[in-house]
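Encoded as structure tokens, the structure appears first; notes follow it.
Number of protein chains: 4
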Amino acid sequence: MSLPAEFHEVAERVNNWGRWGPDDEIGTLNLITDEVVREAATCVRSGLRVPLALPLRQDGVQTGVIPGRVNPLHVMVQINQEVFGPGTVACSDDAVTMGLQAGTHWDALSHVSHSGRLYNGRPAGTVTPHGGAAFGGIDKPRHIVSRGVLLDVARALGRERLDGGHAVTPEDLDAAEEFAGTRVRAGDIVLVRTGQIRSYLAGDRHAYGYPSPGLSVRTPEWFHARDVAAVANDTLTFEIFPPEIEDLWLAVHALDLVEMGMPQGQNWNLEELSTACGEVGRHSFLLSAMPEPFTGGTGTPVAPVAIL
Amino acid sequence: MSLPAEFHEVAERVNNWGRWGPDDEIGTLNLITDEVVREAATCVRSGLRVPLALPLRQDGVQTGVIPGRVNPLHVMVQINQEVFGPGTVACSDDAVTMGLQAGTHWDALSHVSHSGRLYNGRPAGTVTPHGGAAFGGIDKPRHIVSRGVLLDVARALGRERLDGGHAVTPEDLDAAEEFAGTRVRAGDIVLVRTGQIRSYLAGDRHAYGYPSPGLSVRTPEWFHARDVAAVANDTLTFEIFPPEIEDLWLAVHALDLVEMGMPQGQNWNLEELSTACGEVGRHSFLLSAMPEPFTGGTGTPVAPVAIL
Amino acid sequence: MSLPAEFHEVAERVNNWGRWGPDDEIGTLNLITDEVVREAATCVRSGLRVPLALPLRQDGVQTGVIPGRVNPLHVMVQINQEVFGPGTVACSDDAVTMGLQAGTHWDALSHVSHSGRLYNGRPAGTVTPHGGAAFGGIDKPRHIVSRGVLLDVARALGRERLDGGHAVTPEDLDAAEEFAGTRVRAGDIVLVRTGQIRSYLAGDRHAYGYPSPGLSVRTPEWFHARDVAAVANDTLTFEIFPPEIEDLWLAVHALDLVEMGMPQGQNWNLEELSTACGEVGRHSFLLSAMPEPFTGGTGTPVAPVAIL
Amino acid sequence: MSLPAEFHEVAERVNNWGRWGPDDEIGTLNLITDEVVREAATCVRSGLRVPLALPLRQDGVQTGVIPGRVNPLHVMVQINQEVFGPGTVACSDDAVTMGLQAGTHWDALSHVSHSGRLYNGRPAGTVTPHGGAAFGGIDKPRHIVSRGVLLDVARALGRERLDGGHAVTPEDLDAAEEFAGTRVRAGDIVLVRTGQIRSYLAGDRHAYGYPSPGLSVRTPEWFHARDVAAVANDTLTFEIFPPEIEDLWLAVHALDLVEMGMPQGQNWNLEELSTACGEVGRHSFLLSAMPEPFTGGTGTPVAPVAIL
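Right, dumping it as structure tokens:
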């Protein structure tokens, strides 16, 4: 079994290998220039800050279906311990075990490979059990801060939540862009809202995961045309799941991460942001979404904040 | 053994219990208003972004002296796994076990208690083994974004790195403020640079931890007078270690976290920021330092970014 | 709410506090004397060894219902790593995160308390977040080796598996003892087979856990009368679940662990042993079920072996 | 760089590939027959039990030198939690993160490869990041119970502890066998005491690990000639470290695990056993050393017990 011809055709059109040199490990994040950030800062008008991460706790979004992607196990290792003797100041400390992709997270470019290759044509074998990702790890982008644009597809289509079978198409993105009243431009980070996370917030993890609306295999070309720096949404799978084309699993992952070199974000809670953008009548903002710098990580938990 | 009278005198002067109501769990972070953030955004002039987190890896700053505060153990749970059959798109996933206070981190207000009390007079017993911190957890501040000011004490005193025995005093902060050319104001997040982290960066974890320069027990009054929102520095212990006053361990922690309700940051790498601020001739910037929202966490890893 | 009078009546009859001195931490394991072990060794006639532990893997018996009791997350930290240079001998290493009570395990005496007391009247507060169990930890019994007796209740009653609602009574134990053809005596470790684990082995973790057959609140007196050293069975909950007496949850745990000071084993796979004992026509054997010596542990994974 | 000719010569002499069929995954453990175990049980004369595992705790033998081989981090996830409401029976639960080879452990046959091969000629690539060891995992030997023989080399040579540079030779084993007063035979598990663990027990982890006495590269032939089932000792490295032959690192591991298919045990505490054997004047016993059945594990913690 191998990837179909139609995949390779799209792949060729969106491919960015070599665009930022043969040694580049951060892909489309190169598009976030100082100027982009300066401009982004001008989006801050109200000073309102909206956090986009789900709580990190054992009752997270993972159901056990993806092996090893464990919800956070948060434990106390000290509680009010009077470290320096009775009557002294007391400390509480904690520890966690969790999958780096378990909650609200960024995929590193090394998260996915196809045909033995990572982004920029590097061998998939550079991801190893000991050191993790030697190439394209989440430690390579030193910062992820840019203008964020909310493309609220659900609202633009007059829905609370897209159906499980809804593939978000380029036409949907156009509609959401018009609804947003701003044009997506080079270096932007696009947040695509489907409303799917409402299932999880309502207590149903299984309904959240499957079936899920998500990005169509046709969207990478849209993002490529706009020179978007990164894309995140409010689903477990990012792309429509199960896929639009039978047996073409994770095609969007392969196109975004491997071909374009564009990081993806998943399980971002965009509900409060949707309300806030609706209220202030603007859908663009300064977005800070710093990766935790795990050396060799193929992903990372992230606590993004939109500053309006 | 109990805390000495001189501790209680200072404690009384900096105490903020009840200031934001009896149920407040975020303390001085209340000082970061929308207006403060709007103003902070105007500090972004060059668009330069400086990350302040140390790499998260097993060879981190912890030496094993603090029980349970383990350096990150980063492991791969899948490597180029063709989840949907041979020839399909392949995924790599990872997981981590780590102390929440192991690397670059924020202390939550619940991290420390004294005399059986947390910030706002709440019982220390609200931190429990199962749920962690029911009060004052790191999940309570929804965002930490404000104006950041670098008080580069080492540079202001013409030093690369302060000596192990150097207690950073209010007078040192005054000197660094003058060096910075800006006045610290309400809602600011102050980053105090001692240069101590250079030991760790040079490969000596033991020298980094002990003895360490750090904040004097006299500094909480300075921060209180300026209504600072939070303080972080580039040491393992935050305060001078061993302490200035014999047997008065962790007094600064108790004054900042318990009495004032002011979060502290530790192990922040301020080296690159020091250089950048020196070059642009400004020591204030927009700072985003979002906590990972661990439910009941008494601390959190953080990947702060200064946007100049 | 407090424990009913009928609980306290039974508790008084089976109580062993002080029996082995005020400082004793191992309870009925004291009944395993050198002589008991010498006798047990004479049970070895065929040399056949039957392992009783379930595989340790992420797809273990835990369903997520018990917070923090996580199935093993087994990860590789090195794979064929040529540690001393290319072409040298290569090593693979692994690590695990797991609940100590997640799989086939022993409960330490400190696992349960009631009315603020552990076994031997010690305060429940001796279990702390930092050191774990200072009293009655799983590190205290230095060895668990004795004669084992299989009481195959399911088979004795002509069943493959007892129903979910079946409370194993003293009369059931009598019947199984007769079926076994040996009399349980002081220092024995009794393995009670219900057949319930067949649900898990057949792939249904949820059916395995609830509802479950298990030991009746009347059985501690039977074990006490016989001076049994420990009891294990093939269920998740050990005792009948939900309980026979409304709202009297975990009464058997409290009677066995707190009052008698008798360790309990859970999730032991007794299927192969049942067959083997049936074939050789003997239900007693040498049993080695050594606890992993976790300092301060309130339980431990165990890999028991019956040697027939 | 590749392994020298002298390695390959020894390898050929001790090689057991194919001896128990092409699909065998347990190697010399096949030598433990029912008859061997029946005989072993007759060694139980006093009923004395001697545990051989080190405590599992954060202050274990690992120093951080071996990446990923982390000492146990034992944490409480519940403490006296009244799960079913106030006043009900209360539970304490714990969890652990640890390297499977961190403390007293068995190496699985899959723990080491050389020249791309595991025991029985299987490809090293059968150890994978997701499932661990598909071949030769620690889950494959269903039980490890046999006659144990203590070869107390230190005592036989009139020493408390062998020097760091002492390679235990076949001649040393002969001397210890004579001292033991029993002849090692097929299926035995041999415990070789160097006394090295006294360094760790005295508080010096670094001295324990390096330099270390240990088995000479000449010993595999001795073990092969006697058809020993397994060998364990009281060192971190098992073999002499640094090696006798320059740059021939881990040669004993490769000969034992890969060529012979003989499991190795490390960090076994043989101090109490040495004393006990001296006192009773016998050095053979029934040994139960059951592996925890981690699916795909390349090693396992073990809590061995010698029953004299």
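Protein chains in written order, with the working numbering: chain A, 875 to 1182; chain B, 875 to 1182; chain C, 875 to 1182; chain D, 875 to 1182. No residue lacks a Cβ here, since even glycine has one placed at the ideal position from N, Cα and C. This structure is a prediction, so every number in the text was calculated from the model and none was measured.
Proximal residues of chain C, C-beta to C-beta of residue i below 8 Å
i: Leu947 of chain B; result: Val951, Ala969
i: Gly942 of chain A; result: Gln932, Leu947, Val949
Cα-Cα separation between residue i and residue j, rounded to whole angstroms
i: Tyr1082 of chain D; j: Ala1125 of chain B; result: 38 Å
i: Ile1119 of chain B; j: Thr1149 of chain B; result: 33 Å
i: Val884 of chain C; j: Glu1095 of chain C; result: 8 Å
i: Thr916 of chain B; j: Ile1181 of chain B; result: 10 Å
i: Pro1137 of chain A; j: Val1042 of chain B; result: 42 Å
i: Val1066 of chain D; j: Val910 of chain D; result: 20 Å
i: Ser1162 of chain C; j: Gly1077 of chain D; result: 31 Å
i: Asn904 of chain C; j: Ala927 of chain C; result: 24 Å
i: Ser1093 of chain C; j: Gly1139 of chain D; result: Reading off the sequence shown, one finds Thr at residue 1093 of chain C, where the question assumed Ser. Straight-line Cα distance between these residues: approximately 41 Å.
i: Asp968 of chain A; j: Pro1003 of chain C; result: 10 Å
i: Ala1103 of chain D; j: Val1019 of chain C; result: 22 Å
i: Ile1063 of chain C; j: Asn1141 of chain C; result: 15 Å
i: Leu1047 of chain A; j: Leu1089 of chain B; result: 51 Å
i: Phe1112 of chain B; j: Val1176 of chain B; result: 16 Å
i: Ala1074 of chain C; j: Pro941 of chain C; result: Position check: residue 1074 of chain C holds Tyr in this sequence, whereas Ala was assumed. Near 20 Å, if we compare the C-alpha coordinates of Pro941 of chain C and Tyr1074 of chain C.
i: Tyr1084 of chain D; j: Asp1037 of chain D; result: 11 Å
i: Ser984 of chain D; j: Asp897 of chain D; result: 14 Å
i: Gly1135 of chain D; j: Ile1012 of chain D; result: 12 Å
i: Leu1131 of chain A; j: His1098 of chain D; result: 53 Å
i: His1199 of chain A; j: Gly1170 of chain A; result: Since the displayed chain A opens at 875 and closes at 1182, residue 1199 of chain A lies outside it and no answer follows.
i: Leu1147 of chain B; j: Asp1108 of chain A; result: 34 Å
i: Leu947 of chain A; j: Asp908 of chain D; result: 44 Å
i: His1040 of chain B; j: Asn1143 of chain B; result: 19 Å
Chain A residues whose Cβ lies nearer than 7 Å to that of residue i
i: Pro878 of chain C; result: By Cβ distance, chain A contributes nothing, its closest Cβ being about 32 Å from Pro878 of chain C, past 7 Å.
Contact set between residue i and chain A, taken where Cβ atoms lie within less than 8 Å
i: His985 of chain B; result: Cys965, Ser966, Asp967
Inter-residue CB distance, residue i and residue j (contact presumed, cutoff 8 Å)
i: Ala1128 of chain D; j: Val986 of chain D; result: 6 Å
i: Gly1173 of chain C; j: Ala982 of chain C; result: 6 Å
i: Val1023 of chain D; j: Ala1054 of chain D; result: 6 Å
i: Asn889 of chain D; j: Glu1133 of chain D; result: 5 Å
i: Phe1115 of chain A; j: Ser1086 of chain A; result: 5 Å
i: Val918 of chain B; j: Arg1156 of chain A; result: Rounded, the Cβ-Cβ distance is 18 Å, inconsistent with contact.
i: Leu974 of chain D; j: Val1179 of chain C; result: 19 Å between Cβ atoms; not a contact.
i: Arg923 of chain B; j: His979 of chain A; result: With a Cβ gap of about 20 Å, Arg923 of chain B and His979 of chain A do not count as contacting.
i: Thr1068 of chain B; j: Ala1028 of chain B; result: 6 Å
i: Glu1145 of chain A; j: Ile1071 of chain A; result: 7 Å
Under 9 Å by beta carbon: chain B residues contacting residue i
i: Gln955 of chain D; result: Thr1002, Pro1003, His1004
Chain D contact residues for residue i, given Cβ-Cβ distances below 7 Å
i: Leu974 of chain C; result: Asp968, Ala969, Val970
Contacts that residue i makes with chain D (C-beta to C-beta distance below 8 Å)
i: Asp1101 of chain C; result: The premise fails here: Asp1101 of chain C is roughly 17 Å from chain D at the closest Cβ pair, so nothing lies under 8 Å.
i: Gly938 of chain C; result: By Cβ distance, chain D contributes nothing, its closest Cβ being about 13 Å from Gly938 of chain C, past 8 Å.
i: Phe958 of chain C; result: Asp1121, Trp1123, Leu1124
Chain C residues whose Cβ lies nearer than 9 Å to that of residue i
i: Val918 of chain D; result: Val911, Arg912, Ala914, Ala915, Thr916, Val918, Leu1160
Chain E contact residues for residue i, given Cβ-Cβ distances below 9 Å
i: Asp1013 of chain B; result: You won't find chain E in this structure, because its protein chains are A, B, C and D.
By the 9 Å beta-carbon criterion, what residues does the segment 1119 to 1130 of chain B contribute toward chain A? Asp1121, Leu1122, Trp1123, Leu1124, Ala1125, His1127, Ala1128
In the segment 901 to 989 of chain D, which residue ranges form an unbroken beta strand (DSSP E) of at least 3 residues, counting only runs that do not cross its ends? 923 to 925, 947 to 955, 964 to 973, 979 to 981
Contact list for the segment 1019 to 1032 of chain B against chain A, Cβ threshold 7 Å: Val1019
Tell me the start and end of each unbroken beta strand (DSSP E) in the segment 1087 to 1128 of chain C that is at least 3 residues and wholly inside, in chain order. 1104 to 1107
Where the segment 1059 to 1092 of chain A meets chain B: residues whose CB sits under 8 Å from a CB there: none
Restricting to runs no shorter than 4 residues, where is the alpha helix (DSSP H) found entirely within the segment 1032 to 1090 of chain C? 1044 to 1054, 1071 to 1075, 1079 to 1083
Closer than 9 Å, Cβ to any Cβ of chain C: which residues of the segment 1160 to 1177 of chain D, in chain order? Leu1160, Ser1162, Ala1163, Met1164, Pro1165, Glu1166, Pro1167, Phe1168, Thr1169, Gly1170, Gly1171, Thr1172, Gly1173, Thr1174, Pro1175, Val1176, Ala1177
Beta strand (DSSP E) runs wholly inside the segment 1141 to 1171 of chain A, at least 3 long, in chain order: 1158 to 1162
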